[in-house]
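Student: Under the working numbering, the residues of the sequence shown are numbered 30 to 360, in order.
Can you keep this structure in mind? I'll have questions shortly.
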Amino acid sequence: MKNQQVLLAARPRGPVETSHFRFAESEIPRADEGEFVVRAHYLSLDPYMRGRMDDAKSYAKKAEVGEVMVGTAVGEVIESRHAKFKVGDFVETRTGWQLYGKSDGGGVRKIDPAYVPLSAYLGVVGMPGVTAWIGLNEHGRPKAGETVVVSAASGAVGGVVGQLAKLHGCRAVGIAGGKAKCDYVVNELEFDACIDYKAGKLDAELAAACPQGVDVYFDNVGGPILDAVLAQMNAFSRIALCGQISGYNNPDALTVHNFRSFLVNRIQLRGFICSDHMDLWRPALKELGTLVHEGRLKYRESIVQGLENAPAAFIGLLNGQNFGKQLVKLI
Ligand code: NDP
30 MKNQQVLLAA RPRGPVETSH FRFAESEIPR ADEGEFVVRA HYLSLDPYMR GRMDDAKSYA
90 KKAEVGEVMV GTAVGEVIES RHAKFKVGDF VETRTGWQLY GKSDGGGVRK IDPAYVPLSA
150 YLGVVGMPGV TAWIGLNEHG RPKAGETVVV SAASGAVGGV VGQLAKLHGC RAVGIAGGKA
210 KCDYVVNELE FDACIDYKAG KLDAELAAAC PQGVDVYFDN VGGPILDAVL AQMNAFSRIA
270 LCGQISGYNN PDALTVHNFR SFLVNRIQLR GFICSDHMDL WRPALKELGT LVHEGRLKYR
330 ESIVQGLENA PAAFIGLLNG QNFGKQLVKL I
């Protein structure tokens, strides 16, 4: 038995290709004193990984060429010399794109797959869910009766944003790519409306879906969609700037024209990173876990089987080929 790993082989300039990754095999790690070894069951693929591949100033340390790609997994402890983690415990851990990893327990969360499904701890009851919770509650600050718009609405973060907005008593309007995603957002997640930005009528459909204007925009994508929403923002509205995925492979796509709307509408824009608010993770995860456990918060997953399919699935995620939280099943 060997460990299998995906390494960063080269830094992309523009779109990511499978040649930017390299597969490797190594010995399965052994735990030293104060450590434990995890067999990963699911690996999370997340848009932030694109930023780690670049050699650019950012809020987090870049991935190094030749090293295992950064990432979070959920799995089972198979060997332990750590006082607080025992064999058979399930954990969420940052062991990266590999089958086995070891940890000293730093930043590791014990999880209970009997409470919500194991994979959900990487999505709706994990970092994406917490991001939605923090961005909406802390920076969007929605009040009952207001209109909340979210882009990438069928995705891991966006799907939670709209459902939480509904729980706040707001009108939730999603923006997503394609009819199938929009149907899911309205019929399954119970948003009030969802606009297919690929259908070519974004401005008119946004105005129709938001007859009272937009009070909160949760921006996951940037670029032309941000521009379109800016034209509908109300006076003293808020933008929680969470992501800019439309420009991760091509920063030139992020041009905004409706900048004047910030002044005219006195819009408050706040860029945020979920790790800025570690004090909020515990209450956020508690609420999200309860909602999922009770069946009041829905989610969808795109799961590919096998580590060998991780690079292609990651490229697909950046191009909108995922439908819900993108995961790799490793067992
Ligand atoms: P998703 O599950 O939403 O998947 C990404 C989606 O982005 C795709 O499915 C696609 O949906 C959409 N997308 C891709 N390219 C474009 C484009 N050119 N224009 C419009 N939409 C596009 O991913 P996550 O929920 O994990 O992440 C959503 C956003 O949140 C990302 O920008 C991510 O970087 C950000 N994020 C930020 C965090 C923070 O702390 N600030 C933490 C976690 C995530 P569609 O088919 O609908 O276009």
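For glycine and all other residues, C-beta sits at the position ideal for the given N, C-alpha and C.
From a predicted model like this one, the values you see are computed outputs, not experimental measurements.
Please report the straight-line C-alpha distance between A237 and E316, rounded to a whole angstrom.
Tutor: Counting from one through the sequence shown, the residue named residue 237 turns up at place 208. Counting from one through the sequence shown, the residue named residue 316 turns up at place 287. So the two alpha carbons sit approximately 33 Å from each other.
Student: Is it true that the segment 83-94 meets the segment 104-120, where meeting means three or more beta-carbon pairs spaced less than 8 Å apart?
Tutor: Short answer: they don't touch.
Student: Look at the Cβ atom of S266, then the Cβ atom of D232, and state whether they are nearer than 9 Å.
Tutor: For the purposes of this step, residue 266 is identified with residue 237 of the sequence shown, where counting begins at 1. For the purposes of this step, residue 232 is identified with residue 203 of the sequence shown, where counting begins at 1. Going by C-beta atoms, S266 is not nearer than 9 Å to D232.
Student: Can you tell me the Cα-Cα spacing of R200 and V179, whole angstroms?
Tutor: Against the sequence shown, residue 200 aligns to sequence position 171. Against the sequence shown, residue 179 aligns to sequence position 150. Distance between the alpha carbons of R200 and V179: 11 Å.
Student: Can you list, in chain order, the residues of its chain with a C-beta nearer than 7 Å to that of D221? Leave out the 5 residues immediately preceding and following it.
Tutor: Along the sequence shown, read from residue 1 onward, the residue named residue 221 stands at position 192. Excluding residues within five positions, the ones whose Cβ falls inside 7 Å are R200, A201 and V202.
Student: Report all residues from its chain with a CB closer than 6 Å to the CB of E175; omit the five preceding and five following residues, and keep chain order.
Tutor: Reading the sequence shown from its first residue, position 146 is the one you call residue 175. Excluding sequence neighbours, E175 sits near C199 and D244.
Student: So for M98, helix, strand or coil by DSSP?
Tutor: Your numbering for residue 98 matches position 69 in the sequence shown. The answer is coil: DSSP assigns M98 none of H, G, I, E or B.
Student: When the Cα atoms are used, what is the spatial distance from R42 to A228?
Tutor: Within the sequence shown, residue 42 is the residue found at index 13, counting from 1. Within the sequence shown, residue 228 is the residue found at index 199, counting from 1. So the two alpha carbons sit approximately 29 Å from each other.
Student: Check the C-beta distance from G206 over to K354 and give it rounded, since I have them as a contact under 8 Å.
Tutor: Numbered from 1 along the sequence shown, position 177 holds the residue referred to as residue 206. Numbered from 1 along the sequence shown, position 325 holds the residue referred to as residue 354. With 8 Å as the limit, G206 and K354 do not qualify as a contact, their Cβ atoms being about 16 Å apart.
Student: State the Cα-Cα distance for the pair V163 and E46, rounded to the nearest angstrom.
Tutor: Locating residue 163 in the sequence shown gives position 134, where the first residue counts as 1. Locating residue 46 in the sequence shown gives position 17, where the first residue counts as 1. For the sequence presented, residue 163 should be read as Ile rather than Val. Each residue's alpha carbon lies about 32 Å from the other.
Student: Going by DSSP, what residues sit across from A185 in a beta bridge?
Tutor: Sequence index remark: in the sequence shown, residue 185 carries index 156 (1-based). Answer by DSSP bridge pairing: none, since A185 is not bridged.
Student: Does the distance between the C-beta of C199 and the nearest non-hydrogen atom of the ligand NDP fall short of 8 Å?
Tutor: Position 170 of the sequence shown, counted from the first residue, corresponds to residue 199. No - the ligand NDP has no heavy atom lying nearer than 8 Å to the Cβ of C199.
Student: Any heavy atom of the ligand NDP closer than 8 Å to the Cβ of M156?
Tutor: Position 127 of the sequence shown, counted from the start, is the residue given in the question as residue 156. Because some heavy atom of the ligand NDP lies under 8 Å away, the Cβ of M156 counts as near it: yes.
Student: Should S55 go down as buried or exposed, given a rule of 16 or more other Cβ atoms within 10 Å for buried?
Tutor: Your numbering for residue 55 matches position 26 in the sequence shown. Under this definition S55 is an exposed residue.
Student: Since G349 is in the alpha helix (DSSP H), which residue starts that stretch and which ends it?
Tutor: Your numbering for residue 349 matches position 320 in the sequence shown. Element bounds for G349: n/a, residue is neither H nor E.
Student: Would you mind stating whether G386 and A269 have Cβ atoms separated by less than 9 Å?
Tutor: Nothing can be reported for residue 386, as the shown portion of the chain is limited to 30 through 360.
Student: CB of Y277 to nearest heavy atom of the ligand NDP: below 8 Å?
Tutor: Taking the first residue of the sequence shown as position 1, residue 277 is located at position 248. Yes, the beta carbon of Y277 sits closer than 8 Å to at least one heavy atom of the ligand NDP.
Student: Give the DSSP-derived three-state secondary structure of S109 in the structure shown.
Tutor: Locating residue 109 in the sequence shown gives position 80, where the first residue counts as 1. Note: S109 maps to strand in three-state DSSP.
Student: Using 8 Å for Cβ pairs, my map puts V120 next to V67. What's the rounded Cβ distance?
Tutor: Working through the sequence shown from its first residue, we reach residue 120 at position 91. Working through the sequence shown from its first residue, we reach residue 67 at position 38. With 8 Å as the limit, V120 and V67 qualify as a contact, their Cβ atoms being about 6 Å apart.
Student: Below 8 Å on the Cβ atoms is my contact criterion, and I expect P280 with F50 to pass it. Report the Cβ-Cβ distance as a whole number of Å.
Tutor: Position 251 of the sequence shown, counting from 1, holds the residue named residue 280. Position 21 of the sequence shown, counting from 1, holds the residue named residue 50. Actually they do not touch by this definition, with Cβ atoms about 22 Å apart.
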